[in-house]
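Chains D and U, in that order, are what the protein sequence lines are.
Quick note, the first sequence lines up with residues 5 to 114 if you use our numbering.
Quick note, the second sequence lines up with residues 354 to 467 if you use our numbering.
Just below is one structure, and these are the notes that go with it.
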Amino acid sequence: LAKTTQPISMDSYEGQEVNITCSHNNIATNDYITWYQQFPSQGPRFIIQGYKTKVTNEVASLFIPADRKSSTLSLPRVSLSDTAVYYCLVGDRGYSTLTFGKGTMLLVSP
Amino acid sequence: EAGVTQFPSHSVIEKGQTVTLRCDPISGHDNLYWYRRVMGKEIKFLLHFVKESKQDESGMPNNRFLAERTGGTYSTLKVQPAELEDSGVYFCASSHGQGNYEQYFGPGTRLTVT
């Protein structure tokens, strides 16, 4: 499994764009990049998944460069309710087990 | 559509006692997973059911843990006898297809062993 490295924590203010970068130098050809969000006292929630280039949904955008050794989760105009832990996961979609790292604790302030 | 539900939300038991956690997956989801996070650690995989069959139980810590999914619907995770190091939050997740990284998690059961 590819090891992931992401910031331990980040601070932001409401209305700002937040970019969280994850490094995964050993990503394999069949691996996808998936991001989960976890609020306190809740289970993780799937946000977005991608393989290369850019993926966008109603919640976030995921940017993946050509070498795929890193990825950036972009949250546009964050609000207080975006305060959560964000996990970057890398793995083969044919293998269902999720491997969580420590994640990035995002704190959004007024 | 109802999400994944877990019961109880919190359980406090003494060392040596038995506890059974229950998970109701999203209706129609054949895949059911158990994960847990013990204090200060990362969320770790325990096991994976496909319908009523155990697909992967490589994460089960020891034989004090027994998971079942009779009939392929809800699942139970029994810890017998519980030890102090079993304290943590136990999450259940379900997904529609296998090999699917989009899993739907329940709120978790917080287990405290004293």
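Note that CB positions come from ideal geometry on N, CA and C, so glycine has one too.
What first and last residue would you give for the beta strand (DSSP E) that runs through residue i?
i, result
"Lys397(U)", "Lys397 to Val403"
"Leu93(D)", "Ala88 to Asp96"
"Met109(D)", "Thr108 to Ser113"
"Arg463(U)", "Thr462 to Val466"
"Thr441(U)", "It should be pointed out that residue 441(U) corresponds to Gly in this sequence rather than to Thr. Gly441 to Ser448 is the span of the beta strand (DSSP E), which, as asked, contains Gly441(U)."
"Ile12(D)", "Element bounds for Ile12(D): n/a, residue is neither H nor E."
"Lys431(U)", "Ser428 to Val432"
"Gln42(D)", "Asp35 to Gln42"
"Lys58(D)", "Thr57 to Thr60"
"Ile31(D)", "Here Ile31(D) belongs to no beta strand (DSSP E), and DSSP marks it neither H nor E."
Using alpha carbons as the reference points, say which of the options lies closest to residue i.
i, options, result
"Thr25(D)", "Tyr90(D), Gly95(D) and Thr103(D)", "Tyr90(D)"
"Tyr395(U)", "Val442(U), Thr429(U), Ser406(U) and Asn416(U)", "Here residue 395(U) is Glu; the residue named in the question, Tyr, does not match the sequence. It is Val442(U) whose Cα lies nearest to the Cα of Glu395(U)."
"Asp71(D)", "Leu84(D), Lys56(D), Arg81(D) and Val112(D)", "Lys56(D)"
"Asn416(U)", "Pro361(U), Pro434(U), Tyr388(U) and Thr358(U)", "Pro434(U)"
"Phe104(D)", "Pro114(D), Tyr17(D) and Gln41(D)", "Gln41(D)"
"Pro48(D)", "Arg389(U), Leu400(U) and Lys404(U)", "Arg389(U)"
"Glu62(D)", "Pro44(D), Arg81(D), Glu18(D) and Ser16(D)", "Arg81(D)"
"Thr426(U)", "Ser364(U), Val372(U), Gln370(U) and Asn384(U)", "Asn384(U)"
"Asp439(U)", "Gln370(U), Thr358(U) and Pro361(U)", "Gln370(U)"
"Ile379(U)", "Leu430(U), Pro414(U) and Ala355(U)", "Ala355(U)"
"Asp377(U)", "Gly424(U), Leu437(U) and Val432(U)", "Gly424(U)"
"Leu399(U)", "Thr358(U), Lys431(U), Ile366(U) and Phe360(U)", "Lys431(U)"
Can you give me the C-alpha to C-alpha distance between residue i and residue j, rounded to a whole angstrom?
i, j, result
"Ser74(D)", "Gly459(U)", "29 Å"
"Thr467(U)", "Gly393(U)", "17 Å"
"Pro114(D)", "Thr60(D)", "26 Å"
"Thr108(D)", "Glu18(D)", "17 Å"
"Val391(U)", "Phe444(U)", "11 Å"
"Ala420(U)", "Leu102(D)", "18 Å"
"Leu4(D)", "Phe67(D)", "Since the first residue of chain D shown is 5 and the last is 114, residue 4(D) is not available in this structure."
"Thr8(D)", "Lys368(U)", "36 Å"
Going along chain U in order, which residues have a C-beta closer than 9 Å to the C-beta of residue i?
i, result
"Ser13(D)", "By Cβ distance, chain U contributes nothing, its closest Cβ being about 15 Å from Ser13(D), past 9 Å."
"Arg49(D)", "Tyr457 and Phe458"
"Gln53(D)", "Tyr454 and Glu455"
"Arg72(D)", "Residues of chain U passing the Cβ test: none, with the nearest at roughly 16 Å."
"Leu93(D)", "Tyr454"
Where does residue i land, buried or exposed, given buried means 16+ other C-beta within 10 angstroms?
i, result
"Tyr38(D)", "It should be pointed out that residue 38(D) corresponds to Thr in this sequence rather than to Tyr. Thr38(D) should be labelled buried."
"Ser85(D)", "exposed"
"Asp15(D)", "exposed"
"Ile51(D)", "buried"
"Gly450(U)", "exposed"
So with CB distances below 8 Å, who are the chain U contacts of residue i?
i, result
"Lys106(D)", "Glu395"
Mind pulling the chain D residues with CB within less than 7 Å of residue i?
i, result
"Tyr427(U)", "In chain order: nothing, as chain D lies at least about 16 Å away."
"Arg441(U)", "Reading off the sequence, residue 441(U) comes out as Gly, not Arg. Simply none; closest approach about 13 Å."
"Asn415(U)", "Simply none; closest approach about 19 Å."
Under 9 Å Cβ-Cβ, which residues of chain D neighbour residue i?
i, result
"Ala355(U)", "Chain D residues near Ala355(U): none, gap ~14 Å exceeds 9 Å."
Please list, in chain order, the chain D residues whose beta carbon lies closer than 8 Å to that of residue i.
i, result
"Phe402(U)", "Going along chain D, no residue has its Cβ under 8 Å from Phe402(U), so there is no contact; the nearest lies around 11 Å."
At 7 Å on the CB atoms, spell out the chain U contacts of residue i, in chain order.
i, result
"Gln46(D)", "Pro460"
The ligand FMN heavy atoms versus the CB of residue i: any closer than 6 Å?
i, result
"Leu84(D)", "As presented, the structure is devoid of all ligands, the ligand FMN included, so that no description of it is given."
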